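A.B. asks: Okay, here's the structure, questions in a sec.
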Amino acid sequence: MSLQVGFSTHSKDLQNAYDQVINSSSPVNWLIYTYDKGTNDLKVQATGEDGLEELSEEFIDGRIQYALARVTDPNTELPKLVFIAWCGTGVPESRKGLFNSHLNDVSKYFKSFHLQINARNEGDVDPDAIMKRVSESSGANYSFHKESRRMEPAITPVGSVYKRTEIPDIATMQRQTMKSEPAPAPVSSVHQPVRTTPGKLASKWGQDQDDQSKADQVRADRERAEKEAQERDQAMAAEREQRAREDAAKLEERQRAQQEAADNQRLRQQEQDRQRQEDESKRQQQEDLQRQQEEEALQRQQEEEALQQQQEEEAERQRLEEEESARQHQAEQDRLAGEEAEKARQQQEEEERQREEQAQLEAELAASAQHAAQTAGHAADEAVEHQQGDSVSAVVLFGYDAAEDNEMSMAEGEVIHNIEQLDEGWWSGVSEDGTRSGLFPSNYVQLLETTPEAQEPVQEEAHAEPEPEPAAAEAAGPSAVALYDYDAGEDNEISFKENEVIRDIQFVSDDWWSGLAPDGTAVGLFPANYVELQQ
Numbered sequence: 003m004s005l006q007v008g009f010s011t012h013s014k015d016l017q018n019a020y021d022q023v024i025n026s027s028s029p030v031n032w033l034i035y036t037y038d039k040g041t042n043d044l045k046v047q048a049t050g051e052d053g054l055e056e057l058s059e060e061f062i063d064g065r066i067q068y069a070l071a072r073v074t075d076p077n078t079e080l081p082k083l084v085f086i087a088w089c090g091t092g093v094p095e096s097r098k099g100l101f102n103s104h105l106n107d108v109s110k111y112f113k114s115f116h117l118q119i120n121a122r123n124e125g126d127v128d129p130d131a132i133m134k135r136v137s138e139s140s141g142a143n144y145s146f147h148k149e150s151r152r153m154e155p156a157i158t159p160v161g162s163v164y165k166r167t168e169i170p171d172i173a174t175m176q177r178q179t180m181k182s183e184p185a186p187a188p189v190s191s192v193h194q195p196v197r198t199t200p201g202k203l204a205s206k207w208g209q210d211q212d213d214q215s216k217a218d219q220v221r222a223d224r225e226r227a228e229k230e231a232q233e234r235d236q237a238m239a240a241e242r243e244q245r246a247r248e249d250a251a252k253l254e255e256r257q258r259a260q261q262e263a264a265d266n267q268r269l270r271q272q273e274q275d276r277q278r279q280e281d282e283s284k285r286q287q288q289e290d291l292q293r294q295q296e297e298e299a300l301q302r303q304q305e306e307e308a309l310q311q312q313q314e315e316e317a318e319r320q321r322l323e324e325e326e327s328a329r330q331h332q333a334e335q336d337r338l339a340g341e342e343a344e345k346a347r348q349q350q351e352e353e354e355r356q357r358e359e360q361a362q363l364e365a366e367l368a369a370s371a372q373h374a375a376q377t378a379g380h381a382a383d384e385a386v387e388h389q390q391g392d393s394v395s396a397v398v399l400f401g402y403d404a405a406e407d408n409e410m411s412m413a414e415g416e417v418i419h420n421i422e423q424l425d426e427g428w429w430s431g432v433s434e435d436g437t438r439s440g441l442f443p444s445n446y447v448q449l450l451e452t453t454p455e456a457q458e459p460v461q462e463e464a465h466a467e468p469e470p471e472p473a474a475a476e477a478a479g480p481s482a483v484a485l486y487d488y489d490a491g492e493d494n495e496i497s498f499k500e501n502e503v504i505r506d507i508q509f510v511s512d513d514w515w516s517g518l519a520p521d522g523t524a525v526g527l528f529p530a531n532y533v534e535l536q537q
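When we follow our numbering, the leftmost residue of the sequence shown carries the number 3, and every step to the right adds one.
See below:
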């Protein structure tokens with residue numbers, strides 16, 4: 003809020019009230035301005051037609067108010083403008099600090115007035131006190147407006163020939179009428195009778211007539227002198243009245259000039275107000291345009307920031323998705339690594355178990371060596387009879403129960419035929435009755451050695467009537483064709499190339515199967531999604 007007093011907000015009402023008060027023909031003879039609530043803009047509080055008595059009731063102790071009243075000067079009977087600046091005792095100190103600066107602006111707004119009164123209490127705005135100050139401020143107290151018109155004597159015609167009027171010497175005339183008396187003699191301390199000097203006898207009536215004529219002459223001269231003095235007084239009064247009329251005319255002319263100057267000033271002020279309003283309107287339009295441009299720029303900035311934020315959020319979302327995908331991938335890798343570690347641990351435990359079992363088997367081997375030697379001869383004979391071609395056979399030293407689907411169970415003393423030595427720990431073969439085939443631990447059997455004499459008939463028979471390979475394949479499990487190359491990562495896995503055939507497949511789990519390698523040298527695990535089963 004501006005600290006300057008404002009006239010533009012209610013300028014029309016302020017000017018109308020002011021024009022009515024300064025117009026002597028208007029019934030409105032006073033106005034009072036006050037501040038609009040919460041601002042420094044002036045507004046018209048009230049106007050009236052009943053003079054100072056009515057105006058004095060409008061002043062409020064807690065306000066700053068400005069009043070202009072038109073009164074009649076009791077000395078000159080002319081209208082006078084009185085400007086009253088009221089700052090009540092109840093006005094806050096913060097507002098009192100603005101009173102002096104605002105007072106200068108308001109006094110300039112009223113342009114011209116005859117008397118200014120700075121009021122603080124009701125005594126300062128008392129109508130009698132105000133009129134007394136108006137009377138004192140009007141200068142000389144001319145009384146000709148109050149005197150009743152006196153009767154003037156008729157003016158005698160003036161002759162065409164100048165006649166000098168002799169002014170009588172009143173003092174000389176009075177001295178001539180007075181009798182000369184001698185100075186009184188000294189008075190002695192002794193009484194002496196007074197003796198008068200006898201005078202000349204004269205006629206009593208003659209002396210009286212002389213005295214009477216002299217008195218009449220003195221009276222006539224006195225009346226003539228009084229008349230002349232009265233005429234001089236009348237002439238001086240007429241001159242004073244003429245001067246008063248001239249002064250009144252000059253005052254009226256001066257007031258008329260002041261009124262014209264005030265009107266011109268008012269017109270200039272109106273023009274200035276109009277120009278100020280136009281400037282204010284232009285400034286407001288410029289401010290509105292600037293504010294609109296700033297709002298548009300702010301809106302564009304907000305849209306750009308929103309777009310940038312959206313892009314940042316999208317980038318952040320993609321980054322989070324990538325991180326989540328990376329975490330999932332890492333979790334999958336960790337899971338696979340954990341599974342591999344678990345498999346390695348299980349394999350290590352299995353190897354440990356096998357070593358323990360091997361130690362136990364070695365201990366039991368010594369106990370059953372004799373029994374194995376006894377049955378070896380009989381088993382050798384049976385092996386020669388049952389051998390087909392040059393296959394390897396072995397006798398079972400200890401009974402074994404299959405733990406997996408791709409393994410086979412064995413009974414102690416049983417002969418296993420068609421043995422394939424897949425690795426050091428596990429072999430593959432066919433049971434003696436031909437109903438079972440699969441993997442078995444190599445340390446549970448002992449290979450049988452056959453003499454060349456016993457093998458020759460068998461070999462000749464084998465050359466004569468060879469067993470077809472499909473028959474062995476029919477006895478084995480299902481087969482599959484490799485879709486991709488695979489290199490074994492563990493000792494219990496097999497390697498193969500694309501389009502090679504894996505036989506005797508055992509479905510160990512959904513992801514890993516067991517089968518015979520394409521070269522037939524090993525049986526082991528491989529990933530199921532690397533092969534396609536053959537129908």
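Cβ atoms here follow ideal geometry from the backbone N, Cα and C, with glycine treated the same way. Given the structure is predicted, the values throughout are model-derived calculations rather than measurements.
1. Quick check on the burial criterion: 16 or more other C-beta atoms within 10 angstroms. Buried or exposed for ALA121?
2. Under three-state DSSP, which class holds GLN118?
3. Using the beta-carbon count (16 or more within 10 Å), is VAL533 buried or exposed?
4. How do the region 122 to 139 and the region 31 to 45 stand: do at least 3 beta-carbon pairs fall below 8 Å, yes or no?
5. Spell out the partners DSSP gives HIS12 in its beta bridges.
6. To the nearest angstrom, report how far apart LEU535 and VAL483 are at their CA atoms.
7. Can the beta-carbon of ALA250 be found less than 8 Å from the beta-carbon of SER114?
8. Just how far apart, CA to CA, sit GLU406 and VAL510?
9. DSSP three-state label for ASN77, please.
10. SER481: which of GLN448, ASP493, ALA519 sits nearest, CA to CA?
11. Looking only at its chain, what residues have a beta carbon closer than 7 Å to the beta carbon of ALA308, apart from the 5 residues adjacent to it on each side?
12. Please state whether the Cβ-Cβ distance between TYR35 and LEU16 is less than 8 Å.
13. Within its chain, find whatever has a CB closer than 8 Å to the CB of PRO470; leave out the 5 residues flanking it on each side and keep chain order.
14. Look up GLU495 in the DSSP assignment and say whether it is helix, strand or coil.
15. Measuring only the C-alpha atoms, how far is ARG285 from GLN271?
16. Based on the DSSP secondary-structure assignment, which residues constitute the bridge partners of LEU449?
17. Bridge partners for MET412 per DSSP, in chain order?
18. Do the CB positions of SER10 and ARG278 come within less than 8 Å of each other?
19. Quick one, which of ASP63, ARG438, ILE62, ALA339 has its alpha-carbon nearest ASP403's?
20. Comparing alpha-carbon positions, which option in ALA361, ASN501, VAL73, GLU318 lies nearest TYR544?
21. Considering only C-alpha positions, which residue in the set GLU51, HIS12, LEU57 is nearest to LYS39?
22. Buried or exposed for GLY92, please, with buried defined as at least 16 other CB atoms from any protein chain shown within 10 angstroms of its CB.
23. By the DSSP assignment, the alpha helix (DSSP H) with ASP107 in it spans what residues?
24. What do you reckon, are the CB atoms on PRO94 and MET133 nearer than 8 Å?
25. Residue range of the beta strand (DSSP E) that VAL136 falls in?
26. Go through its chain and collect everything with a Cβ distance to GLN6's Cβ below 6 Å, but skip five positions before and after it.
27. Can you tell me where the beta strand (DSSP E) with GLY431 in it begins and where it stops?
28. Tell me which residue opens and which closes the alpha helix (DSSP H) that GLU56 is part of.
29. How long is the line joining the alpha carbons of GLN448 and GLU334, rounded to whole angstroms?
30. Taking only the alpha-carbon atoms, compute the straight-line gap between TRP515 and LEU527 and give it to the nearest angstrom.
31. By alpha-carbon positions, which one of GLU225, SER137, TYR111, ILE119 ends up nearest to THR74?
32. Skipping 5 residues on each side, what residues in its chain have a beta carbon closer than 7 Å to that of PHE101?
33. Apart from the five residues on each side of it in sequence, which residues of its chain come closer than 6 Å, Cβ to Cβ, to LEU424?
34. So if DSSP puts GLY50 in a beta bridge, which residue, or which two residues, is it bridged to?
35. Answer yes or no: do ASP506 and GLY517 have a C-beta to C-beta separation smaller than 8 Å?
C.D. replies: Taking the coordinates as given:
1. buried
2. strand
3. buried
4. no
5. Note: HIS12 sits in no beta bridge, so no partner.
6. 6 Å
7. no
8. 8 Å
9. coil
10. ALA519
11. none
12. yes
13. A caution first: PRO470 carries a pLDDT of 45, below 50, which makes its placement in the model unreliable, though a value can still be read off. So the list is empty, once near-sequence residues are dropped.
14. strand
15. 20 Å
16. ALA396
17. TYR402
18. yes
19. ARG438
20. This structure cannot speak to residue 544, because the chain is shown only from 3 to 537.
21. HIS12
22. exposed
23. 95 to 111
24. no
25. VAL136 -> not in any beta strand (DSSP E); alpha helix (DSSP H) instead, spanning 129 to 138.
26. none
27. 428 to 432
28. 53 to 57
29. 45 Å
30. 6 Å
31. SER137
32. ILE66, CYS89
33. SER430, ALA524, VAL525
34. TRP32
35. yes
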